[in-house]
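Here is the structure we will look at.
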Amino acid sequence: MPGNFRPTRVVPVSLAAVARLIGAPEAGDALIAGVTHASDQVQPGDLYAALPGSRRHGGEFASAAVAAGAVAILSDVPIDAGVPVLIVPDPRAVLGEIADFVYGSPSASLTLIGITGTA
Numbered sequence: 005m006p007g008n009f010r011p012t013r014v015v016p017v018s019l020a021a022v023a024r025l026i027g028a029p030e031a032g033d034a035l036i037a038g039v040t041h042a043s044d045q046v047q048p049g050d051l052y053a054a055l056p057g058s059r060r061h062g063g064e065f066a067s068a069a070v071a072a073g074a075v076a077i078l079s080d081v082p083i084d085a086g087v088p089v090l091i092v093p094d095p096r097a098v099l100g101e102i103a104d105f106v107y108g109s110p111s112a113s114l115t116l117i118g119i120t121g122t123a
């Protein structure tokens with residue numbers, strides 16, 4: 005995907021706070037500074053979302069994500085990658101909520117304008 009839509013300034017949040025947010029068992033004390041589901045876009049401090057796909061599971065790329073700096077993983081299955089793993093039944097369903105939380109709810113400060121009428 006072209007462009008980088010990642011915020012430039014993020015205050016890291018605890019993995020425990022993320023676990024509480026999504027109702028997952030706490031899995032460690034890492035600090036999360038970003039979120040991605042693309043193992044080739046992981047930056048140090050990220051939570052890597054290992055999502056199930058139609059042909060492959062993101063867990064297959066967990067080692068690469070950790071090598072790139074992921075400090076925790078979100079998945080629907082256990083993954084042994086040497087970092088804490090948050091396990092939820094449908095990680096895709098909670099990914100947006102996690103990103104909103106980690107990135108400080110950026111949509112809360114957007115101005116919303118509506119234009120209505122007829123010609």
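Under this note's numbering, think of the first position of the sequence shown as 5, with each following residue one higher. The C-beta atom is built at its ideal place from N, Cα and C for all residues, glycine as well. Since the model is a prediction, treat every value here as computed from it, not as a measurement.
Check                                                                                               : Outcome
Three-state secondary structure assigned by DSSP to residue 100                                     : helix
Boundaries (first-last residue) of the alpha helix (DSSP H) holding residue 77                      : It is not in any alpha helix (DSSP H) - residue 77 instead sits in the beta strand (DSSP E) that spans 76-79.
Continuous alpha helix (DSSP H) stretch holding residue 19: start and end                           : 19-26
Residue 31 (DSSP reduced to helix, strand or coil)                                                  : coil
Assigned secondary structure, residue 53 (DSSP; H/G/I helix, E/B strand, else coil)                 : strand
Identity of the residue in 43, 33, 116, 39 nearest residue 87 by Cα                                 : 33
Per-residue DSSP class, three states only, for residue 63                                           : helix
Between the CA atoms of residue 123 and residue 38 - distance to the nearest angstrom               : 45 Å
Inter-stretch contact (C-beta, 8 Å, three-pair minimum) for the segment 75-93 and the segment 36-56 : yes
Nearest-angstrom Cα separation, counted from residue 42 out to residue 107                          : 17 Å
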